[in-house]
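Notes to accompany the following structure.
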Amino acid sequence: MSGLLMPKADDATMSRRSDIVTALRTIVPGEGVVDATNAMRVFESDALTAYRQLPLVVVLPQTVAQVSRVLKYCHENNVKVVPRGSGTSLSGGALPLEDAVLLVMSRFNQILEIDYPNRVAVVQPGVTNLGITKAVEHEGFYYAPDPSSQIACSIGGNVAENSGGVHCLKYGLTANNVLGLEMVLITGEVVRLGGKHLDSEGYDLLGLMTGSEGLLGVVTEVTVRILQKPATARALMVGFPTSEQAGKCVADIIAGGVIPGGMEMMDRPAIHAAEDFVHAGYPLDVEALLIIELDGPVVEVDHLIGMVEAIANKNGASTCVISQSEEERMAFWAGRKAAFPAVGRISPDYLCMDGTIPRKELPKVLAGMRELSEKYGLRVANVFHAGDGNLHPLILYDANIPEELHKAEDFGADILRLCVKVGGVLTGEHGVGVEKRELMPEMFNEIDLNQQIRVKCAFDDKHLLNPGKVFPQLHRCAELGRMHVHRGQVPFPEIPRF
Amino acid sequence: MTIFTPKTEDEIVEALQWALSENAPVEVVGQGSKRNLGRPLQTEHTIALSEYSGVTLYEPDELVLSAKAGTPVAELETLLAENGQAFQFEPMDYGPLLGQASGQGTFGGLLATNLCGPRRLKSGSARDHVLGVRVVSGRGELFKSGGRVVKNVTGYDLSKGMANSWGTLGIATEITFKVLPAPETETTLVVRGLADDEAARAMAIAMGSSGEVASAAHLPVNVSGRVIDGDLNGDASTLLRLEGFAPSVNDRAAMLKGLLASAGTIADVSGDTSRKLWQEIRDVIPFADGTEQPVWRVSMVPMEAYKLVASLRMGAAVDAYYDWQGGLVWLRMEGEPEAEAVRALIKKYGGGHATLVRASTSLRAALPVFEPQPAPLAALSKRLKQQFDPSGILNPGRMVAGV
Numbered sequence: 002m003s004g005l006l007m008p009k010a011d012d013a014t015m016s017r018r019s020d021i022v023t024a025l026r027t028i029v030p031g032e033g034v035v036d037a038t039n040a041m042r043v044f045e046s047d048a049l050t051a052y053r054q055l056p057l058v059v060v061l062p063q064t065v066a067q068v069s070r071v072l073k074y075c076h077e078n079n080v081k082v083v084p085r086g087s088g089t090s091l092s093g094g095a096l097p098l099e100d101a102v103l104l105v106m107s108r109f110n111q112i113l114e115i116d117y118p119n120r121v122a123v124v125q126p127g128v129t130n131l132g133i134t135k136a137v138e139h140e141g142f143y144y145a146p147d148p149s150s151q152i153a154c155s156i157g158g159n160v161a162e163n164s165g166g167v168h169c170l171k172y173g174l175t176a177n178n179v180l181g182l183e184m185v186l187i188t189g190e191v192v193r194l195g196g197k198h199l200d201s202e203g204y205d206l207l208g209l210m211t212g213s214e215g216l217l218g219v220v221t222e223v224t225v226r227i228l229q230k231p232a233t234a235r236a237l238m239v240g241f242p243t244s245e246q247a248g249k250c251v252a253d254i255i256a257g258g259v260i261p262g263g264m265e266m267m268d269r270p271a272i273h274a275a276e277d278f279v280h281a282g283y284p285l286d287v288e289a290l291l292i293i294e295l296d297g298p299v300v301e302v303d304h305l306i307g308m309v310e311a312i313a314n315k316n317g318a319s320t321c322v323i324s325q326s327e328e329e330r331m332a333f334w335a336g337r338k339a340a341f342p343a344v345g346r347i348s349p350d351y352l353c354m355d356g357t358i359p360r361k362e363l364p365k366v367l368a369g370m371r372e373l374s375e376k377y378g379l380r381v382a383n384v385f386h387a388g389d390g391n392l393h394p395l396i397l398y399d400a401n402i403p404e405e406l407h408k409a410e411d412f413g414a415d416i417l418r419l420c421v422k423v424g425g426v427l428t429g430e431h432g433v434g435v436e437k438r439e440l441m442p443e444m445f446n447e448i449d450l451n452q453q454i455r456v457k458c459a460f461d462d463k464h465l466l467n468p469g470k471v472f473p474q475l476h477r478c479a480e481l482g483r484m485h486v487h488r489g490q491v492p493f494p495e496i497p498r499f
Numbered sequence: 022m023t024i025f026t027p028k029t030e031d032e033i034v035e036a037l038q039w040a041l042s043e044n045a046p047v048e049v050v051g052q053g054s055k056r057n058l059g060r061p062l063q064t065e066h067t068i069a070l071s072e073y074s075g076v077t078l079y080e081p082d083e084l085v086l087s088a089k090a091g092t093p094v095a096e097l098e099t100l101l102a103e104n105g106q107a108f109q110f111e112p113m114d115y116g117p118l119l120g121q122a123s124g125q126g127t128f129g130g131l132l133a134t135n136l137c138g139p140r141r142l143k144s145g146s147a148r149d150h151v152l153g154v155r156v157v158s159g160r161g162e163l164f165k166s167g168g169r170v171v172k173n174v175t176g177y178d179l180s181k182g183m184a185n186s187w188g189t190l191g192i193a194t195e196i197t198f199k200v201l202p203a204p205e206t207e208t209t210l211v212v213r214g215l216a217d218d219e220a221a222r223a224m225a226i227a228m229g230s231s232g233e234v235a236s237a238a239h240l241p242v243n244v245s246g247r248v249i250d251g252d253l254n255g256d257a258s259t260l261l262r263l264e265g266f267a268p269s270v271n272d273r274a275a276m277l278k279g280l281l282a283s284a285g286t287i288a289d290v291s292g293d294t295s296r297k298l299w300q301e302i303r304d305v306i307p308f309a310d311g312t313e314q315p316v317w318r319v320s321m322v323p324m325e326a327y328k329l330v331a332s333l334r335m336g337a338a339v340d341a342y343y344d345w346q347g348g349l350v351w352l353r354m355e356g357e358p359e360a361e362a363v364r365a366l367i368k369k370y371g372g373g374h375a376t377l378v379r380a381s382t383s384l385r386a387a388l389p390v391f392e393p394q395p396a397p398l399a400a401l402s403k404r405l406k407q408q409f410d411p412s413g414i415l416n417p418g419r420m421v422a423g424v
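Line order of the protein sequences matches chains E and F. The first sequence begins at 2 in our numbering and counts up one residue at a time. The second sequence begins at 22 in our numbering and counts up one residue at a time.
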């Protein structure tokens with residue numbers, strides 16, 4: 002793997018491998034424990050395929066009691082555990098460790114309850130994101146967050162990553178659409194957070210769990226809000242001579258009180274790659290293209306289309322096409338949705354980055370990226386969730402050229418540094434995982450990071466759950482418990498300390 | 022007895038480091054508007070953030086606002102309104118219910134108590150809108166989490182961790198929130214004469230429709246007359262609030278009237294009267310009677326909550342009304358708080374949690390104000406507290422005795 006440093010494998014664990022396999026087999030009988038190298042091969046990476054590692058052993062539990070017993074065993078025997086849903090993480094969140102049990106939740110694939118009057122669904126974590134919508138759409142309902150991997154990604158993984166999607170500008174992220182969780186702590190204790198009711202009685206542990214990347218607990222049940230599908234949706238395809246104009250258009254739409262269901266931007270390289278691939282009818286003489294989708298009651302959508310069209314024209318749009326049919330709306334999206342494979346066609350490999358910036362900084366960041374592109378000699382295409390400032394630069398490279406992956410990674414890191422510099426963040430929706438772990442100090446100082454690790458300590462004081470992810474360095478909990486002494490002094494040093 | 026009123030972030034850090042060095046627990050307040058809510062504290066010293074106040078960043082085009090913790094929420098709401106914007110989660114004001122003036126709450130208190138309002142159903146609470154925080158922990162260390170952008174999964178979401186922590190984990194010094202355009206038009210449909218169970222069904226139908234109902238509440242007959250100057254007197258009122266651009270609001274109102282035609286007669290309340298109505302529901306004006314009669318705030322599964330009220334009425338005199346499609350029950354007890362009965366019934370009817378938001382100081386000291394947690398969860402919460410405040414100097418016992 003490309004220079005990725007993972008925690009050193011624990012020799013004691015490695016030498017006990019056969020005992021561990023035997024113990025797991027007594028907990029999960031039959032085919033639920035996989036230890037043959039060939040059979041484990043399918044689990045050796047997630048969607049960040051640049052990194053691969055065989056796990057110690059794979060276990061696929063089927064009941065909450067089994068999950069609890071597996072974790073309890075691992076806790077008592079100091080064995081690390083990497084939880085995995087469908088393995089679609091783009092940041093290496095489910096990358097196995099040589100000395101860790103890979104806990105695969107895919108057999109938790111049942112929808113447990115659909116409750117329309119209370120508008121919730123209770124599902125097991127291995128159910129796919131789209132699977133929830135499929136289960137309720139005959140009644141006109143859907144589950145709103147829609148990460149682009151929704152056909153494959155599991156709802157448990159969505160909780161771990163706080164997944165977003167095209168529609169999260171209007172409908173929120175996973176954190177805003179999950180009402181309750183059942184989870185198992187590393188000790189094997191089963192706890193419930195929230196439920197079909199709103200909010201919880203104490204600390205917002207649900208909020209801490211969502212987006213915790215499998216480091217705090219293993220989710221065994223998820224209660225989500227389901228919503229009535231909007232009556233209709235229409236889209237505008239708007240081209241601009243400059244990205245500044247497109248950015249201003251986005252700001253004016255939102256400032257005008259319009260929150261579109263989706264608002265996506267593509268830059269010139271992305272537009273051309275997509276058009277060459279799917280012939281969506283995109284204009285090729287523009288620097289930026291917006292796809293703006295409005296959803297809701299028919300009269301509302303008609304009203305808003307008029308407002309958005311006026312705002313686009315005021316900002317100097319050179320093309321503005323309004324979808325007149327469902328086919329046309331889908332055609333507008335076809336290019337955007339195919340942007341990744343389209344870029345895959347024009348380059349042997351690409352890295353997909355995921356920073357978020359204040360929207361107004363877009364022109365500055367795009368200009369900075371052009372400079373970096375020249376510096377590294379690598380091309381970059383941009384797709385952008387414009388409404389919420391979430392940028393996905395695709396860095397084009399060829400893994401067969403020595404050092405080019407390394408160069409692409411450095412380029413990506415520089416882009417993320419630029420995002421942080423203009424007031425943005427390292428990751429909007431893909432997670433830190435192993436990919437952006439080393440960049441965390443760009444955004445957080447040592448005190449910030451230590452307080453996050455202390456949260457980890459409250460849940461998992463032995464650091465057994467998914468180590469090597471998110472944090473550049475996991476300090477031992479006992480060390481972190483010590484009093485921080487500011488510049489070698491504390492006030493009133495004569496007072497005895499706890 | 023010392024009251025610290027820090028004027029800078031450094032002074033907040035210093036105050037806490039002093040408290041640490043003295044091993045002296047402190048009460049943390051903004052202006053003290055929610056002192057009568059939660060378990061009473063017995064600390065010698067107070068850190069009041071009322072003088073650490075002011076907006077530090079407001080960019081209406083970017084829908085983002087940052088302010089210091091002591092900034093009055095009312096001041097922020099005025100600023101937002103001047104720009105046609107609002108906190109979409111419409112934070113309630115506990116002042117009237119707790120016998121205090123309205124408009125006293127601060128930005129820090131808003132996050133620490135995770136305020137919300139009737140839009141909770143559709144738009145969430147404070148925790149759904151907070152983007153970033155700067156916090157001084159109980160270790161006397163300043164840390165930050167989150168940022169100023171909407172989409173951010175970089176590290177744990179400690180901003181949400183501060184929500185509903187009642188000042189027991191740290192002192193948020195500066196807070197960044199997402200703000201949104203205020204709705205252009207608002208109107209409320211009023212279905213008259215429904216019993217509690219019929220109202221629950223009607224609200225479920227409305228919420229499950231494509232009417233995009235922003236808020237749904239039910240005022241039983243004896244509560245209905247206590248809002249908007251008695252305009253709804255005489256009969257129970259089930260309220261459905263529609264917001265947005267006028268053509269859409271009108272269209273959805275017509276659709277919902279058709280859908281609920283068989284439920285009862287339907288009237289309209291619109292514009293400022295509608296806004297006043299929902300503000301009074303939000304701030305529990307029907308029970309803002311200047312007494313200390315126990316008031317519960319109960320969150321349950323919407324279709325189960327009316328059963329709690331019906332069961333309680335068999336054994337005790339209670340007054341109740343519902344928000345959040347029926348899932349939020351405001352309960353005023355005519356006699357004792359009946360804590361055990363209330364909590365047993367919540368468990369019986371699908372689970373949830375109850376907070377004794379108003380009661381005499383002695384009752385709040387004697388009873389668990391917040392819903393007690395099962396042992397493993399209580400232990401986890403305690404470990405979290407220890408990781409933020411190992412010496413237990415921040416609002417000790419405010420939420421749970423001994424934590």
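Just so you know, even glycine gets a beta-carbon here, dropped at the ideal spot from N, CA and C.
- According to the DSSP assignment, residue 154 of chain E belongs to no alpha helix (DSSP H), since it is labelled neither H nor E.
- Under the criterion of beta carbons closer than 8 Å, residue 320 of chain E and residue 239 of chain E qualify as touching, at roughly 7 Å.
- Residue-level contact check: residue 198 of chain E touches chain F, since one or more beta carbons of chain F fall below 8 Å from its beta carbon.
- Note on geometry: alpha-carbon atoms of residue 337 of chain F and residue 131 of chain F lie some 33 Å from one another.
- The DSSP-derived three-state label of residue 73 of chain F is coil.
- Using a CB distance below 8 Å, the part of the region 353-371 of chain E facing chain F consists of 357, 358, 359, 360, 361, ordered along the chain.
- The shortest CA-to-CA distance from residue 282 of chain E to any of E:315, E:318, E:337, E:230 is the one to E:337.
- Fewer than three Cβ pairs drawn from the region 394-403 of chain F and the region 327-346 of chain F lie within less than 8 Å of each other, which leaves the two stretches out of contact.
- The region 229-236 of chain F and the region 309-318 of chain F do not touch, with fewer than three beta-carbon pairs separated by less than 8 Å.
- Considering only E:435, E:477, E:273, the residue with the shortest C-alpha distance to residue 176 of chain F is E:435.
- For residue 41 of chain F, the enclosing alpha helix (DSSP H) has its first and last residue at 30-43.
- At least one C-beta of chain F is nearer than 8 Å to the C-beta of residue 386 of chain E.
- Nearest to residue 108 of chain F by C-alpha distance, out of F:152, F:57, F:418, F:38, is F:152.
- DSSP, read as helix, strand or coil, puts residue 184 of chain E in strand.
- Assigned with DSSP and collapsed to three states, residue 162 of chain E falls in helix.
- Against chain F, the CB of residue 146 of chain E has no partner CB under 8 Å away; the residue lies outside that interface.
- Comparing C-alpha distances from residue 118 of chain E to each of E:25, E:141, E:314 shows the shortest one belongs to E:141.
- Per the C-alpha coordinates, the member of E:405, E:124, E:63 positioned closest to residue 379 of chain E is E:405.
- Within a 10 Å sphere around the beta-carbon of residue 197 of chain F sit 16 or more other beta-carbons, which makes this residue buried.
- Residue state for residue 391 of chain E is assigned as strand, using DSSP reduced to three classes.
- Cβ proximity to chain E below 8 Å picks out 80, 81, 82, 83, 84, 85, 105 from the region 76-108 of chain F.
- Contact residues of the region 301-312 of chain E toward chain F are 301, 302, 303, 304, 305, 308 (C-beta to C-beta distance below 9 Å).
- When DSSP states are grouped into helix, strand and coil, residue 69 of chain E belongs to the helix group.
- By the beta-carbon neighbour count (other beta carbons within 10 angstroms, threshold 16), residue 122 of chain F is exposed.
- In the three-state reduction of the DSSP assignment, residue 89 of chain F falls in the strand class, which pools E and B.
- Just measuring C-alpha positions, the residue of E:241, E:266, E:259, E:91 sitting nearest residue 287 of chain E is E:241.
- With its beta carbon less than 8 Å from one in chain F, residue 441 of chain E belongs to the interface.
- Counting along the chain, no beta strand (DSSP E) covers residue 272 of chain E; the unbroken alpha helix (DSSP H) around it starts and ends at 269-279.
- One thing to note: residue 403 of chain F has its Cβ within 8 Å of the Cβ of residue 424 of chain F.
- By the Cβ-count criterion, residue 125 of chain E is buried, with 16 or more other Cβ atoms from all chains shown falling within 10 Å of its own Cβ.
- Ranked by how close their Cα comes to the Cα of residue 455 of chain E, the residues E:216, E:255, E:263, E:301 have E:216 in first place.
- Checking the DSSP bridge columns, you'll see residue 383 of chain E partnered with E:394.
- In chain order, 199 make up the part of chain E whose C-beta sits under 7 Å from the C-beta of residue 345 of chain F.
- Against chain F, a Cβ distance below 9 Å from residue 136 of chain E picks out nothing, because the smallest value is about 16 Å.
- If the five residues before and after residue 211 of chain E are omitted, its C-beta is found closer than 7 Å to the C-beta atoms of 160, 163, 175, 176, 179, all from its own chain and listed in chain order.
- Using beta-carbon distances, residue 250 of chain E does not count as an interface residue toward chain F, since no partner is under 8 Å.
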